[in-house]
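All remarks here apply to the structure that follows.
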Amino acid sequence: MIEIIVNVGLVILAISILNCLYRVLRGPTRADKVIALDSLGVNLIGVIALLSMKFHTEAFADVILLFSILSFIGTVAASKYFEKGVIIERVRD
Amino acid sequence: MQLLVLAPLLFTLFVPLLYRRVKAIHVGWFVLLVPVLLFVSFLRLLPQVANGERVLQDLSWIPSLGVNFTTYLDGLSILFALIITGIGSLVVLYSIYYLNRSEQLGHFYIYLLLFMTAMLGVVLSDNMIVLYTFWELTSLSSFLLIGFWYQRDKSRFGAQKSLLLTVFGGLAMLAGIVLLYTITGTFSIREILGQKDMVAESALFLPSMLLILLGAFSKSAQFPFHIWLPDAMEAPTPVSAYLHSATMVKAGIYLIARFLPLYAVHDWWFPIVSGIGLLTLIWGSFLAVKQTDLKGILAYSTVSQLGLIIILLGFSTPLAVTAAVFHLFNHAAFKGSLFMMAGIVDHETGTRDIRRLGGLFSFMPITATVGFIATFAMAGIPPFNGFLSKEMFFAASVEYAGTLNWGFLLPALAVLGSIFTFVYSMMLFFKVFRGELQLEQLEQKPHDPPKGMLISPLILVVIILTIGLFPNLISAPILAPAVEAITLIPQEPVEIEHFHGFNWPLAMTLIVIAVGTLIYLSYRKWLHIYNHLPEFLTWNGWYDRSLRGLDRITTSLTRIQMTGSLRNYLAIIFIFIFVLSGGLLLTTDSFAFSTSDLAPVGWYEVLLALGVIAAAITVPFLTSRIAMVLTTGAIGYIVVLFFVDFRAPDLALTQLVVETISMVLFLLAFVHLPRVPKEKGSKSLKLRNLLISSSVGLLVMLIAISAHSTRLFTPISEYFIKHSYDLAGGHNIVNVILVDFRGFDTMLEILVLSIAGLGIYSMIKLRNRKEDDV
Numbered sequence: 571m572i573e574i575i576v577n578v579g580l581v582i583l584a585i586s587i588l589n590c591l592y593r594v595l596r597g598p599t600r601a602d603k604v605i606a607l608d609s610l611g612v613n614l615i616g617v618i619a620l621l622s623m624k625f626h627t628e629a630f631a632d633v634i635l636l637f638s639i640l641s642f643i644g645t646v647a648a649s650k651y652f653e654k655g656v657i658i659e660r661v662r663d
Numbered sequence: 070m071q072l073l074v075l076a077p078l079l080f081t082l083f084v085p086l087l088y089r090r091v092k093a094i095h096v097g098w099f100v101l102l103v104p105v106l107l108f109v110s111f112l113r114l115l116p117q118v119a120n121g122e123r124v125l126q127d128l129s130w131i132p133s134l135g136v137n138f139t140t141y142l143d144g145l146s147i148l149f150a151l152i153i154t155g156i157g158s159l160v161v162l163y164s165i166y167y168l169n170r171s172e173q174l175g176h177f178y179i180y181l182l183l184f185m186t187a188m189l190g191v192v193l194s195d196n197m198i199v200l201y202t203f204w205e206l207t208s209l210s211s212f213l214l215i216g217f218w219y220q221r222d223k224s225r226f227g228a229q230k231s232l233l234l235t236v237f238g239g240l241a242m243l244a245g246i247v248l249l250y251t252i253t254g255t256f257s258i259r260e261i262l263g264q265k266d267m268v269a270e271s272a273l274f275l276p277s278m279l280l281i282l283l284g285a286f287s288k289s290a291q292f293p294f295h296i297w298l299p300d301a302m303e304a305p306t307p308v309s310a311y312l313h314s315a316t317m318v319k320a321g322i323y324l325i326a327r328f329l330p331l332y333a334v335h336d337w338w339f340p341i342v343s344g345i346g347l348l349t350l351i352w353g354s355f356l357a358v359k360q361t362d363l364k365g366i367l368a369y370s371t372v373s374q375l376g377l378i379i380i381l382l383g384f385s386t387p388l389a390v391t392a393a394v395f396h397l398f399n400h401a402a403f404k405g406s407l408f409m410m411a412g413i414v415d416h417e418t419g420t421r422d423i424r425r426l427g428g429l430f431s432f433m434p435i436t437a438t439v440g441f442i443a444t445f446a447m448a449g450i451p452p453f454n455g456f457l458s459k460e461m462f463f464a465a466s467v468e469y470a471g472t473l474n475w476g477f478l479l480p481a482l483a484v485l486g487s488i489f490t491f492v493y494s495m496m497l498f499f500k501v502f503r504g505e506l507q508l509e510q511l512e513q514k515p516h517d518p519p520k521g522m523l524i525s526p527l528i529l530v531v532i533i534l535t536i537g538l539f540p541n542l543i544s545a546p547i548l549a550p551a552v553e554a555i556t557l558i559p560q561e562p563v564e565i566e567h568f569h570g571f572n573w574p575l576a577m578t579l580i581v582i583a584v585g586t587l588i589y590l591s592y593r594k595w596l597h598i599y600n601h602l603p604e605f606l607t608w609n610g611w612y613d614r615s616l617r618g619l620d621r622i623t624t625s626l627t628r629i630q631m632t633g634s635l636r637n638y639l640a641i642i643f644i645f646i647f648v649l650s651g652g653l654l655l656t657t658d659s660f661a662f663s664t665s666d667l668a669p670v671g672w673y674e675v676l677l678a679l680g681v682i683a684a685a686i687t688v689p690f691l692t693s694r695i696a697m698v699l700t701t702g703a704i705g706y707i708v709v710l711f712f713v714d715f716r717a718p719d720l721a722l723t724q725l726v727v728e729t730i731s732m733v734l735f736l737l738a739f740v741h742l743p744r745v746p747k748e749k750g751s752k753s754l755k756l757r758n759l760l761i762s763s764s765v766g767l768l769v770m771l772i773a774i775s776a777h778s779t780r781l782f783t784p785i786s787e788y789f790i791k792h793s794y795d796l797a798g799g800h801n802i803v804n805v806i807l808v809d810f811r812g813f814d815t816m817l818e819i820l821v822l823s824i825a826g827l828g829i830y831s832m833i834k835l836r837n838r839k840e841d842d843v
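So, in structure tokens, the structure goes:
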């Protein structure tokens with residue numbers, strides 16, 4: 571039973587990823603692309619979680635955590651870049 | 070014996086010391102000691118050698134390679150050694166008076182002593198590699214001596230030309246030596262001559278003969294390599310007298326004579342050696358008539374006289390070899406004195422141009438006498454020594470002609486060459502010492518030079534006269550052992566006579582003198598034929614053109630390859646990889662395809678693969694750099710999913726972090742770049758790139774399939790899985806491998822990261838501020 575549910579979940583997430591990917595490629599603005607990438611990351615987290623259920627392993631828990639941190643940092647960095655033109659501001663003295 | 074060879078080299082150590090410290094005495098006086106002592110010690114060995122003793126001495130140099138500094142003294146070597154040291158002494162004596170104190174005498178004598186060592190080494194070495202070493206040393210020291218006045222363009226040109234041509238021949242000779250070594254397994258000349266039957270049967274016999282002859286011909290200035298010798302006349306006159314008449318140019322003759330027993334059995338020996346010699350004899354003497362420079366005449370005359378000796382070696386009959394050795398000796402004597410005479414005339418009048426000279430007889434009687442005897446000896450007029458050897462040359466050619474079809478051509482051509490020899494010899498004497506004195510053309514009032522300068526030519530003239538009158542003095546002690554050493558057959562000393570009745574050689578000499586006199590008297594009428602001589606026949610044009618052409622071709626070849634465009638280089642690299650690996654895959658028939666151990670493919674992997682393919686195809690069509698970076702990033706993240714799918718958690722983690730960081734780096738860098746320029750290339754260029762990239766992709770795919778389908782060994786991963794805990798104390802196999810089983814790789818990769826970090830830091834920090842846009 572759980573097998574089928576995991577598989578169905580994977581299919582749904584895959585379709586969602588493909589949709590996100592389309593937005594990444596064809597997003598009319600840069601912001602669209604970044605948002606699409608962010609949600610793509612979230613989808614990927616879901617995929618990894620489902621896969622570790624499917625493979626009956628806990629080895630990918632680290633990947634999930636890392637993914638969420640990176641996805642957050644990446645989105646914040648991109649937003650800051652769009653806002654200010656730089657990511658790391660110089661210290662002015 | 071080795072000490073005798075190396076003595077001049079060792080003495081060069083003291084030359085700068087003496088030159089700097091002892092200002093009062095001309096440094097040449099110290100140098101003079103060396104050749105004189107050597108000459109005396111070789112002279113003391115002469116009776117032994119004449120009695121048939123052979124002096125062989127061994128000195129290990131590189132025994133493991135069979136290269137030993139073995140010296141071997143027989144009749145041929147001692148003849149050359151006596152010429153080298155004897156004429157060497159006279160030349161050093163002459164140079165003491167010839168060269169001014171203001172010249173760089175230290176350099177001059179060091180080069181000269183270096184040359185003397187090299188030349189003695191060539192004639193005394195039994196080991197061919199040692200012989201080759203000294204051979205190249207003669208080329209090198211000759212190069213230095215020709216370019217002694219390096220401020221002059223012509224000296225440098227002459228030095229370069231002679232070096233290029235002689236080293237070309239030297240390398241050919243080295244190849245010949247190596248071939249001989251592969252046939253016989255020894256570098257020793259004596260041992261090779263000992264097994265000449267085996268050499269004669271070898272397939273490498275002819276190539277080795279041709280290569281060694283090439284070396285000998287280029288050194289001895291034979292056609293068409295004769296062109297370096299006239300340009301070498303830019304050297305100081307003592308050098309010309311020593312190197313370019315008596316010694317170095319005879320190294321090739323020594324080599325031919327040395328290998329004569331080995332190669333003379335071949336059918337091609339006579340046509341090649343005598344043919345080239347004959348061509349050189351005629352061509353050199355023909356061109357000598359045209360020259361107006363004293364040393365130019367002497368250079369071409371040397372070329373033609375060397376040709377004469379080589380013709381005789383081509384005959385390789387005992388009579389001819391005797392004539393060759395005799396003429397070799399005679400030529401060293403008269404050509405040395407002629408060069409010294411030319412030097413004196415140059416020194417005393419300031420010019421060597423025969424059009425400005427004339428009537429010097431009454432001003433320089435002693436020099437004129439020297440010139441008279443030497444030129445008449447060269448022309449082959451009795452009672453001088455040249456007459457005897459030329460007579461023997463005619464006799465040998467008549468004798469050899471009897472064994473050939475069309476044989477009468479041989480003496481006829483020999484006579485033709487000798488007629489020109491006669492003409493230029495007469496010009497040499499009469500143009501300089503007779504005729505009208507043109508005082509206004511000369512830079513100073515001519516008179517006989519200081520006595521010291523005349524000593525050397527006078528000694529040589531005495532030798533010419535003595536040998537001319539009493540030729541049998543050297544027949545038994547010098548000529549016979551030398552001929553025996555060349556032919557390897559015991560020889561009775563020949564009786565050289567002035568007059569052997571009325572026969573062909575005498576008639577030929579009379580023809581030469583008669584026709585030569587006629588031509589000389591009417592030479593103004595003939596001279597214009599030299600103006601009609603086509604330029605390509607002089608061969609100098611060919612040399613210049615080939616040097617320039619080589620330059621042009623290599624430049625244009627480099628231009629074609631080195632376009633400076635990285636894209637072209639990459640295209641070449643990829644095409645090369647494709648052709649080489651693909652060709653190998655095809656020709657060795659190593660493509661394999663087996664489905665036996667394929668894993669089942671899940672729908673999930675198919676989906677991921679489609680994602681990668683879609684993103685990869687999109688990248689080339691994008692126009693914004695940012696979009697490109699993001700799309701490649703997407704590929705990287707899908708690869709993370711692949712790693713997850715294939716159960717590699719550590720890889721997935723690392724890939725994730727690295728992908729993110731590199732994406733950020735790309736974004737940081739690309740923000741500062743302009744937009745991607747529109748592809749400039751034409752359609753065919755794009756097609757080419759597409760073709761290359763798809764073929765490389767195909768190739769890698771095929772290789773991967775083949776590699777997977779042919780599994781030769783079981784993987785060693787079982788071992789790691791089994792022992793990761795009990796040997797290394799860890800459950801994470803990947804990490805255990807990284808830090809324990811294969812920790813060495815990890816350490817070096819840490820090093821790579823540190824280097825990269827330092828590199829980036831220094832590139833950013835150490836920019837040259839003034840050239841900011843680099």
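Top to bottom, those sequences are chains A and B. Quick note: the first sequence uses the working numbering, first residue 571, plus one each step. Quick note: the second sequence uses the working numbering, first residue 70, plus one each step. Idealized CB from N, CA, C, for every residue including glycine. Since the model is a prediction, treat every value here as computed from it, not as a measurement.
Own chain, CB closer than 6 Å to B:Lys230, minus 5 neighbours either side, in chain order
Trp297 and Asp300
Could you tell me which of B:Leu162, B:Leu232 and B:Val96 sits nearest to B:Phe212, measuring between CA atoms?
B:Leu232
Pick from B:Arg327, B:Asn474, B:Val160 and B:Tyr178: whose alpha carbon is nearest that of B:Leu78?
Of B:Arg327, B:Asn474, B:Val160 and B:Tyr178, the residue nearest in Cα terms is B:Tyr178.
Buried versus exposed call for B:Leu596 [16 or more other C-beta atoms within 10 Å across all chains shown]
exposed
CA nearest to the CA of B:Leu248, picked from B:Arg221, B:Ser277 and B:Phe539
B:Ser277
Under the assumption that B:His313 contacts B:Ala368 (Cβ atoms under 8 Å), give the Cβ distance between them as a whole number of angstroms.
7 Å
Classification of B:Glu505 by the beta-carbon crowding that lies within 10 angstroms, buried from 16 upward:
Under this definition B:Glu505 is an exposed residue.
Determine, for A:Lys654, whether the minimum Cβ-Cβ distance to residues of chain B falls below 8 Å.
Taking 8 Å as the CB threshold, A:Lys654 stays off the interface with chain B.
DSSP-derived helix/strand/coil call for B:Gln117
helix
Between the stretch 195–210 of chain B and the stretch 253–260 of chain B, are three or more C-beta pairs nearer than 8 Å?
Because the criterion of three Cβ pairs below 8 Å is met, the stretch 195–210 of chain B and the stretch 253–260 of chain B touch.
In angstroms, rounded to a whole number, what distance separates the CA positions of B:Leu15 and B:Gly155?
Lying before the first or after the last residue shown, residue 15 of chain B is absent from chain B, which here runs from 70 to 843.
Answer yes or no: does any C-beta atom of chain B fall closer than 8 Å to that of A:Asp632?
yes
Classify B:Tyr141 as helix, strand or coil using the three-state DSSP reduction.
strand
Would you kindly work out how many angstroms separate the C-alpha atoms of B:Ile165 and B:Ala93, rounded to a whole number?
13 Å
Contacts of A:Val617 in chain B (Cβ-Cβ under 7 Å):
Below the 7 Å Cβ cutoff, chain B contributes Leu710 as neighbours of A:Val617, in chain order.
Does B:Val843 come out as helix, strand or coil in the three-state DSSP assignment?
In this predicted model, B:Val843 has a pLDDT of only 44, less than 50, meaning its place in the structure is not dependable; the value taken from the coordinates is given anyway. If DSSP states are grouped into helix, strand and coil, B:Val843 belongs with coil.
In terms of residues, what are the limits of the alpha helix (DSSP H) holding B:Trp204?
Met197 to Ile215
So, helix, strand or coil for B:Ile131, using DSSP?
strand
Could you tell me whether the Cβ atoms of B:Thr207 and B:Phe226 are closer together than 8 Å?
The Cβ-Cβ distance between B:Thr207 and B:Phe226 does not fall below 8 Å.
So which of B:Val268, B:Thr306, B:Lys755 and B:Leu125 has the shortest CA-CA distance to B:Met522?
B:Thr306
Does the CB of A:Ala647 have a neighbour CB from chain B at under 8 Å?
yes
Residues sharing a beta bridge with B:Leu125, DSSP
B:Tyr141
Looking only at its chain, what residues have a beta carbon closer than 7 Å to the beta carbon of B:Ala721, apart from the 5 residues adjacent to it on each side?
Val709, Phe712 and Val713
On a Cα-Cα basis, can you pick out the residue from B:Leu820, B:Leu82 and B:Ile153 that is closest to B:Pro104?
B:Ile153
Are the Cβ atoms of B:Trp573 and B:Val467 separated by less than 8 Å?
yes
Between the CA atoms of A:Ser641 and B:Phe739 - distance to the nearest angstrom
Take the alpha-carbon of B:Phe739 and the one of A:Ser641: they are about 21 Å apart.
Quick one: which chain A residues come within Cβ less than 8 Å of B:Val726?
The answer, in chain order, is Leu636 and Leu640.
Just how far apart, CA to CA, sit B:Ser487 and B:Val96?
42 Å
Residues in the same chain with beta-carbon distance under 8 Å from B:Val118, minus the five sequence neighbours each way, listed in chain order, please.
Val124, Leu142, Asp143, Gly144, Ile147 and Pro550
Ordered along the chain, which non-local residues of its own chain (more than five positions away) have a Cβ less than 8 Å from that of A:Met571?
For A:Met571, where only same-chain residues beyond five positions count, there are no Cβ hits under 8 Å.
Exposed or buried, what is B:Leu375 when buried is set at 16 or more other beta-carbons lying within 10 Å of its beta-carbon?
buried
Return yes when the Cβ of A:Phe652 is within less than 8 Å of the Cβ of A:Arg600, no when it is not.
Contact flag set, yes.
Considering only DSSP beta bridges, list what B:Val136 is partnered with.
B:Ile131
Just checking my contact of B:Met496 with B:Ile423 at CB under 8 Å: how many whole Å lie between their CB atoms?
At roughly 7 Å, the Cβ-Cβ gap stays under 8 Å, so B:Met496 and B:Ile423 are in contact.
Among B:Asp613, B:Tyr612, B:Phe453 and B:Asp517, which has the Cα closest to the Cα of B:Leu538?
In terms of CA proximity to B:Leu538, B:Phe453 leads the group B:Asp613, B:Tyr612, B:Phe453 and B:Asp517.
Taking the alpha helix (DSSP H) that B:Ile413 falls in, what are its first and last residues?
Pro387 to Thr418
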